[in-house]
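As structure tokens, the structure follows; a few thoughts come after it.
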Amino acid sequence: MRAIGLRNARLLALVIPAALLGGAWAFQLLGGLYPCEMCHWQRWPHYGALVLAVLAFVTGGTRVKATLVAGAAALIAVSGLIGVFHAGVEYHWWQGITACTQTISTTGLSTDQALRDLLAAPIVRCDAAQWALFGVSLAGWNAILSLIGAAMIATQLWRRG
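All residue numbers for the sequence shown refer to my numbering, where the first residue is -11 and numbers rise by one.
This is the structure in structure tokens:
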């Protein structure tokens, strides 16, 4: 039973951030939704969780694997907490730290070209949800799925003992 808990926890620690990042990238690349600064903040812990989850599959020692998986679960929870904060900003429950994000790079452009690109680029506001399902924004869904996922991983680790 203990080995099953760690195996399940490792699998969840790999699948959850991969699926959430895959969804975020799909909305960005296929759906044309540009991420705001706070959307990017939510992605970074998932990248870290993926690294730890992969390491948990390639390292030896049960204790090391469990520690890596626990770290991945903590990072997934951090992303969920950032998602809670971001969703609160979108629903205007509280003020955000930033209002918009630049979606282009002006590096190496002439002043005229940079101005044209800036004027043509979409402004992405952190306090306005670009998409919602059942009234829940992408930040809200990340919060829900990340926090539930982190709890599921923790439960599997706890089952392991």
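We treat Cβ as the ideally placed atom computed from N, Cα and C, and that holds for glycine.
Small disclaimer: the values here were computed from a predicted structure and weren't measured.
query	result
In its own chain, which residues sit with a C-beta less than 7 Å from the C-beta of residue 133, not counting the 5 before and 5 after it?	8
Would you mind stating whether residue 70 and residue 13 have Cβ atoms separated by less than 8 Å?	no
Between the Cα of residue 58 and the Cα atoms of 122, -7, 131, which residue gives the shortest distance?	-7
For residue 128, collect the residues of the same chain with a Cβ closer than 6 Å to its Cβ; drop the 5 residues on either side in sequence, then sort them by chain order.	75
For residue 154 and residue 141, what's the separation of their Cα atoms in angstroms?	Any question about residue 154 goes unanswered here, given that the chain covers just -11 to 149.
By a C-beta neighbour count over all protein chains shown, 10 Å radius and 16 as the cutoff for buried, is residue 136 buried or exposed?	exposed
Where residue 72 and residue 116 are concerned, what is the direct C-alpha to C-alpha distance, given to the nearest angstrom?	14 Å
Which runs of the alpha helix (DSSP H) at least 4 residues long sit entirely within the stretch 17 to 100? Give them in chain order.	25 to 46, 50 to 78
Quick check on DSSP: helix, strand or coil for residue -11?	For residue -11, the pLDDT reaches just 38, beneath the cut-off of 50, and the residue's location in the model is therefore unreliable, leaving the point undetermined.
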